[in-house]
Amino acid sequence: MNGLAARINDALPQTQCTRCGYPDCASYAQAVADDEAGINQCPPGGAEGITRLAQLTGRAPLPLDPECGTEGPRAMAVIDEAWCIGCTLCLDACPTDAIVGINKRMHTVIEAHCTGCELCIPVCPVDCISLEVETPGRTGWQAWSPEQAASARRRYDLHGKHRNTDARLAEKAPEAQAPQDASARKRSIVEAALARARAASQQRAQATKP
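For the sequence shown, the residue numbers in my numbering are 3 to 212.
The following block contains the structure:
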């Protein structure tokens with residue numbers, strides 16, 4: 003990352019939401035520095051974020067690109083613990099490890115670590131994750147702080163290191179002992195969890211019958 007890209011990255015909210023069209027804030031920063039992306043592709047940064055990038059790059063401010071989303075209050079993910087099946091898919095999706103839980107057990111969100119990126123929403127097979135507005139009336143950088151951005155960035159860096167470590171360990175494992183394909187493993191976990199959930203629902207229905 004060159005000097006300009008690093009300064010741009012420092013000016014981003016570090017929610018790692020990918021709404022800009024890039025896999026993380028650093029990738030977007032590099033694309034902006036290379037003049038491959040517009041300065042108006044970060045909804046969490048909002049209008050103030052665009053102004054910051056305009057000052058860094060010398061480009062004219064632009065309205066937020068509607069294809070990337072809209073500026074709005076910061077939200078927090080909330081898990082309906084009654085419906086959570088413990089599939090762990092949201093743990094992998096969360097860029098800041100704000101969700102805690104283990105396989106086949108209820109998960110929960112650590113409020114202070116959630117950036118509102120929404121990446122956990124589409125991977126949940128039982129739709130038990132919703133969003134709650136955390137900053138009513140405040141959007142963009144008015145709903146976020148440099149301290150929160152720095153914390154999210156540190157947690158994202160740690161998340162990446164953990165994933166890289168897992169990948170290295172998998173590469174070193176003998177072929178005969180290689181883990182089952184991740185997607186197939188997760189699918190089997192989800193299917194088993196759904197079966198348990200259906201069985202529990204049927205038992206409750208039977209119990210309530212007169």
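Just so it is clear, CB atoms sit at the ideal spot from N, CA and C, and this is done for glycine as well.
How about the stretch 56-76 and the stretch 90-108: do they share at least three Cβ pairs that are nearer than 8 Å? The stretch 56-76 and the stretch 90-108 do not touch, with fewer than 3 CB-CB distances between them shorter than 8 Å.
Comparing C-alpha positions only, which one of Tyr24, Glu50, Ala8 and Gly48 sits nearest to Ala39? Counting from 1 along the sequence shown, the entry for residue 39 is found at position 37. Of Tyr24, Glu50, Ala8 and Gly48, the residue nearest in Cα terms is Tyr24.
So, helix, strand or coil for Glu177, using DSSP? Residue 177 sits at position 175 when you count from the first residue of the sequence shown. Residue confidence is low: Glu177 scores 44 on pLDDT, short of 50, so the model does not pin down where it sits. Its coordinate-derived value is still stated next. Here Glu177 sits in helix by DSSP.
Check for me: the beta strand (DSSP E) holding Ser132 runs from which residue to which? If you number the sequence shown from 1, residue 132 lands on position 130. From DSSP, the beta strand (DSSP E) with Ser132 extends over Ile131 to Val135.
Is it buried or exposed for Gln16, if we count other Cβ within 10 angstroms and need 16 for buried? As a first step, residue 16 is located in the sequence shown; it is residue number 14 there, counting from the start. Label assigned to Gln16: buried.
Taking the alpha carbon of Leu6 as the point to measure from, which residue in Met78, Val102 and Arg54 has its own alpha carbon closest? For the purposes of this step, residue 6 is taken as residue 4 along the sequence shown, with counting starting at 1. Nearest of Met78, Val102 and Arg54 to Leu6, Cα basis: Arg54.
Own chain partners of Thr110 with C-beta closer than 8 Å, once the 5 adjacent residues on each side are dropped: The residue labelled residue 110 in the question sits at position 108 within the sequence shown. Cβ neighbours of Thr110 within its own chain (closer than 8 Å, five residues either side excluded): Ile81, Glu83, Ile101, Val102 and Gly103.
At what residue ranges does the stretch 19-92 contain a whole run of the beta strand (DSSP E), taking only runs of 3 or more? Within the stretch 19-92, complete beta strand (DSSP E) segments of at least 3 residues are found at 77-81, given in chain order.
Among Leu58, Ile52 and Ala77, nearest to Lys65 - alpha-carbon criterion: Taking the sequence shown and counting its residues from 1, the one referred to as residue 65 is at position 63. Looking at the sequence itself, residue 65 is Pro, so the reference to Lys does not match. When Leu58, Ile52 and Ala77 are compared, the shortest CA-CA separation from Pro65 is found for Ile52.
Buried or exposed by the 16-neighbour rule on C-beta atoms within 10 Å, applied to Gly142: Residue 142 sits at position 140 when you count from the first residue of the sequence shown. Answer is buried; the Cβ neighbour count reaches 16.
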